[in-house]
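The sequence shown begins at 5 in our numbering and counts up by one. The beta carbon of each residue, even a glycine, is placed where N, CA and C say it ideally should be. As the structure is a computational prediction, the values presented were derived from the model and not from experiment. Beneath this line is the structure, given in structure tokens, with notes to follow.
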Amino acid sequence: MRTALPLLALLSAAPLAAQQDPHAGHDMPAPAQDPHAGHDMGDTEQHASPGPTMETPPPPEAGSGPPRAADAIWGPEAMAASREELRRTHGDFPVFWFQGDRMEAQVRDGADVYLWDIQGYYGGPTERLWFKSEGEGEFGGKPDDAEVQALYAKAFAPFWDVQAGVRHDFAGPDTTHAVIGVQGLAPYLFEIDAALFLSHRGDVTARIEAEFDQRITQRLILQPRVEANLSAQDVPELGIGAGLDQIEIGARLRYEIAREFAPYVGIEQSWQTGEGADFARARGEDPSVTSLVAGIRFWF
5 MRTALPLLAL LSAAPLAAQQ DPHAGHDMPA PAQDPHAGHD MGDTEQHASP
55 GPTMETPPPP EAGSGPPRAA DAIWGPEAMA ASREELRRTH GDFPVFWFQG
105 DRMEAQVRDG ADVYLWDIQG YYGGPTERLW FKSEGEGEFG GKPDDAEVQA
155 LYAKAFAPFW DVQAGVRHDF AGPDTTHAVI GVQGLAPYLF EIDAALFLSH
205 RGDVTARIEA EFDQRITQRL ILQPRVEANL SAQDVPELGI GAGLDQIEIG
255 ARLRYEIARE FAPYVGIEQS WQTGEGADFA RARGEDPSVT SLVAGIRFWF
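Written out as structure tokens, the structure is:
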């Protein structure tokens, strides 16, 4: 009986399965095809489902620029003020910038000296009015060297300006120079300031300065610096010799208490060469000077 019961169960389940699927064992006809398949629908607007539409803005007038999607919603008059504000805050607008690059005391053999080197500009990203001033002197005395420059600058490449203007020396013999030079950021983030000077006496001199900021931490920065002064001729009244008259090499380690304010310490070596060294000895000065420096650097 145990072997017959499963066989009887299978026989009784077969008719039940046939009753549950009415299409079992019959061929099914193919589904009806879309009568419009493969045919051009003609005017699609008759078959498109209704929905919200946006009015297409009229074509812009000649010289007014590309079409703007916001004009279709708010209108060109309402958007004009927004576009002007965007242009003013992200485009060609004047700014004022001022930097005290070196405001320092130099401790050396003999008399200690103070030194300033400041610059700044007013203008936009492509045209600016620059002013620069630098000089030095013994503590308690008048400056031995001092100058001020007023320059017009025009960008000729990204990060580079050509500058032209005047320079006046107001310590020692009064001398006025015509100036032409370049200033910018060279590859590997070297800051370059190079200028050629023509004095009212016809003397031709030049100066090249290069600086590089090497970050040790986010606030501690080491700045190597080199400056070279050259002359096309001897200028005895200014103590300048022909050729490479003077070169300065130094390094300053500064700490940015704030991004705009950083005290620093460092060391600098200066040499006068050739005829310039003879002029220095004639004045009773050492043509080779090593200085320990301390100062502040700031900008706003």
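Check                                                                                                       : Outcome
Spatial distance of D290 from F194 (CA atoms)                                                               : 31 Å
Anticipated Cβ contact below 8 Å, V166 with A157, distance rounded                                          : 7 Å
Helix, strand or coil at T93 according to DSSP, with G and I counted as helix                               : helix
Beta carbon of G128 nearer than 8 Å to that of P98                                                          : yes
Terminal residues of the alpha helix (DSSP H) in which I77 lies                                             : A73 to W78
A182 in three-state terms, based on DSSP                                                                    : strand
Endpoints, beta strand (DSSP E) assigned at R106                                                            : V99 to V111
Same chain, Cβ closer than 6 Å to R132, five either side skipped, listed in chain order                     : Y125 and A157
R263 beta carbon less than 8 Å from that of A227                                                            : Looking at the sequence provided, one finds Gln at residue 227 rather than Ala. No, the Cβ-Cβ distance between Q227 and R263 is not below 8 Å.
Outcome for E272 when other beta-carbon atoms lying within 10 angstroms are tallied against a minimum of 16 : buried
The region 76-85 contacting the region 99-109, beta-carbon criterion three pairs below 8 Å                  : no
CA-to-CA distance, E142 to D207, given in whole angstroms                                                   : 27 Å
Presumed contact (8 Å Cβ cut-off) between G245 and E279, rounded CB distance                                : 3 Å
Limits of the unbroken beta strand (DSSP E) element including G247                                          : G247 to Y259
Proximity of G299 and M107 at Cβ, strictly below 8 Å                                                        : yes
Proximity winner among E231, H172 and G185, relative to F160 (alpha-carbon distances)                       : G185
Local Cβ density within 10 Å of A182, reported as buried at 16 or more and exposed below that               : exposed
The beta strand (DSSP E) enclosing F135, as first and last residue numbers                                  : E131 to E142
Cross-strand partners of A82 (DSSP beta bridge)                                                             : Answer is none; A82 lacks a bridge partner.
Q222 versus V117: straight-line alpha-carbon distance, rounded                                              : 31 Å
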